[in-house]
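**Student:**
Residue numbers (our numbering): 516 to 994.
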């Protein structure tokens, strides 16, 4: 008589037998589980994965090391007087459109500049890999570090080929033609490198990754730049003028305060009066400006009447937006894409309360417009996100205006597109997330206009706009 397990259990015969069968099945299940795990481990080769991870990390580190070696070598060349002949030739052979004066000069520059540069990269990355082997690091690590040497050999091979007139198309950052894109932030593109040749030779040293420039503060050269600042007679405006003057900039103070006086120690300072609503009157000036810093604003504190709403939005939002758009119409040449910029002070009120609702609302609106405009702007637009500092707008601020201005300039020189100077750690975390998500949202649900504004599209004086500063109460501040 054949009985299966259910029969045995149903007729109540031999509970011991049933228990033994259950235990047996549990043992089989455990054994199968162990076998399955062993099979998966064998298939995935956990030992291999354990080797791949340190190899990959070491290889990436070695490539970054090779780039750091190249960029530091480049920086040191520029510190020598006179500059080494090979690198001097490298600078001389290019015209502003990155065409070469002659093929022979280009090939000679490859031999005298690019080949020695690659040899230095090979030598130092090779020394690091050999040192890792000598001290007994794992094979995965020293072979990963050896990848930096192999990476550098690739640059040597292409440099030698270019010196013979071959593979010239591999010289990506010196490709001739107009500049089509804005300077990139983390990786070097043609426009970024163009600035090293034709904007400021003692900056923009990096070749592939911009890390060294960010450390040195050479991601943006300010010396000799014409920089205009609105709100120049305010507390922060004056501090920015002082900091930029130290960097050798030519300054234009745009102020709404009649008769405002400035520090006589400021060199190359030009003072112009203007009023919100008459932005178009500044067009001729903005055409000569390299960097426009939009820094003006008012704070109506606790007011919420219609006039306070009108003033807050007209000054903090729409006046700033009109100035931005007016300046963008002056970006008309290939060079302008590389050298012109706008910095907009929007405040950390974009992500945190400022205990002044209309100030928050108007600044957040400005911040949103800037985020959208950056998607297809013809030049770099930087946001300046500031925490509470002591000023006429905020008498109880914690930070000093001098410290804030120093931070703004230092971060701009390191290439930051979102310049955050604050004591609030929440802003440091919340703002980048907010900016990324909002930028993505705008990119997905808006489109680029096929009819961009032309220079002077806000032609005429400010008569098209009401004077938003009329009847400003004494508690409000506009500088």
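Note that beta-carbon positions come from the ideal geometry of N, C-alpha and C, so glycine has one too.
According to DSSP, what are the bridge partners of residue 894?
**Tutor:** Answer is none; residue 894 lacks a bridge partner.
**Student:** Compute the distance between the beta-carbons of residue 852 and residue 846, then report whether it is under 8 Å.
**Tutor:** In this structure, residue 846 lies closer than 8 Å to residue 852 by Cβ.
**Student:** For the structure I just gave you, are there three or more beta carbon pairs, one from the segment 917-936 and one from the segment 719-734, closer than 8 Å?
**Tutor:** They touch, by the three-pair rule.
**Student:** Sorted by chain position, which residues of the same chain lie with C-beta nearer than 6 Å to residue 988's C-beta, five sequence neighbours on each side aside?
**Tutor:** Confidence is the limiting factor: at residue 988 the pLDDT is only 38, short of 50, which leaves the residue's position unreliable and the question unanswerable from this model.
**Student:** Would residue 715 and residue 738 be called neighbours here (beta carbons separated by less than 8 Å)?
**Tutor:** yes
**Student:** Please classify residue 783 as buried or exposed, where buried requires at least 16 other C-beta atoms within 10 Å of its C-beta.
**Tutor:** Counting the other Cβ atoms within 10 Å of the Cβ of residue 783 gives fewer than 16, which makes it exposed.
**Student:** Ignore the nearest five residues each way along the sequence and tell me which others in residue 662's own chain have a CB closer than 6 Å to its CB.
**Tutor:** So the qualifying residues of the chain are 574 and 577.
**Student:** Find the nearest neighbour of residue 753 within the set 726, 778, 954 and 629, judged by alpha-carbon distance.
**Tutor:** 778
**Student:** Can you check whether the C-beta of residue 700 is within less than 8 Å of a C-beta belonging to chain B?
**Tutor:** Reference to chain B is not applicable here, since this structure consists of a single protein chain.
**Student:** Within 10 Å of its beta-carbon, does residue 956 have 16 or more other beta-carbons around it, so buried, or fewer, so exposed?
**Tutor:** exposed
**Student:** My understanding is that residue 678 touches residue 642, with C-beta atoms under 8 Å, so please give their C-beta distance in whole angstroms.
**Tutor:** That belief does not hold up - the Cβ atoms of residue 678 and residue 642 are roughly 25 Å apart, past 8 Å.
**Student:** Can the beta-carbon of residue 719 be found closer than 8 Å to that of residue 710?
**Tutor:** yes
**Student:** Quick check: the Cα distance between residue 616 and residue 609, rounded to an integer number of angstroms?
**Tutor:** 6 Å
**Student:** Is it the case that the Cβ atoms of residue 688 and residue 703 are separated by a distance below 8 Å?
**Tutor:** Yes, the pair counts as a contact, with Cβ atoms nearer than the cut-off.
**Student:** Taking contact to mean 3 or more Cβ pairs, one atom from each stretch, closer than 8 Å, check whether the segment 646-662 and the segment 589-598 are in contact.
**Tutor:** no
**Student:** Go ahead and pull the three-state DSSP assignment for residue 955.
**Tutor:** helix
**Student:** Within 10 Å of its beta-carbon, does residue 801 have 16 or more other beta-carbons around it, so buried, or fewer, so exposed?
**Tutor:** buried
**Student:** If you draw a straight line from the C-alpha of residue 787 to the C-alpha of residue 781, how long is it?
**Tutor:** 15 Å
**Student:** Going by alpha carbons, who is nearest to residue 729 out of 962, 932 and 940?
**Tutor:** 932
**Student:** Please list the segments of the alpha helix (DSSP H) lying wholly inside the segment 865-921, counting only runs of 4 or more residues, in order along the chain.
**Tutor:** 872-888
**Student:** Below 6 Å CB to CB, which residues in the same chain sit around residue 657 once its five sequence neighbours on both sides are set aside?
**Tutor:** 644, 647 and 648
**Student:** Let me check you understand the geometry: is the CB of residue 894 closer than 7 Å to at least one non-hydrogen atom of the ligand GTP?
**Tutor:** Absence of the ligand GTP from the depicted structure is noted, as is the absence of any ligand whatsoever, leaving it without description.
**Student:** If we ignore side chains and look at the alpha-carbon of each, how far apart do residue 849 and residue 605 end up?
**Tutor:** 22 Å
**Student:** Cutting at 7 Å between CB atoms, please list the residues of its own chain near residue 569, excluding the five before and the five after it.
**Tutor:** Cβ within range, chain order: 653, 655, 656 and 659.
**Student:** Considering only DSSP beta bridges, list what residue 806 is partnered with.
**Tutor:** According to DSSP, which records beta bridges pairwise, residue 806 is partnered with 742 and 856.
**Student:** Residues in the same chain with beta-carbon distance under 7 Å from residue 799, minus the five sequence neighbours each way, listed in chain order, please.
**Tutor:** There are no such residues.
**Student:** Fully enclosed by the segment 669-718, which alpha helix (DSSP H) runs are 4 residues long or longer?
**Tutor:** 705-713
**Student:** What's the C-alpha gap between residue 636 and residue 842?
**Tutor:** 43 Å
**Student:** Given a cut-off of 8 Å on the beta-carbon distance, is the pair residue 785 and residue 766 in contact?
**Tutor:** yes
**Student:** To the nearest angstrom, how far is the alpha carbon of residue 510 from that of residue 814?
**Tutor:** Lying outside 516 to 994, the shown extent of the chain, residue 510 is not represented and no answer is given.
**Student:** How far does the alpha helix (DSSP H) with residue 642 in it reach, from first residue to last?
**Tutor:** 630-649
**Student:** Please name the residue in 725, 614 and 910 whose C-alpha comes closest to that of residue 698.
**Tutor:** 725
**Student:** Any idea what DSSP makes of residue 550, helix, strand or coil?
**Tutor:** For residue 550, the predicted model reports a pLDDT of 38, less than 50, meaning its position is unreliable and no value from the coordinates is stated.
**Student:** Return the CA-CA distance between residue 805 and residue 571, expressed in angstroms with no decimal places.
**Tutor:** 43 Å
**Student:** Based on the DSSP secondary-structure assignment, which residues constitute the bridge partners of residue 933?
**Tutor:** 898
**Student:** On the premise that residue 812 lies in contact with residue 830, defined as a C-beta separation below 8 Å, what is that separation, rounded to the nearest angstrom?
**Tutor:** 6 Å
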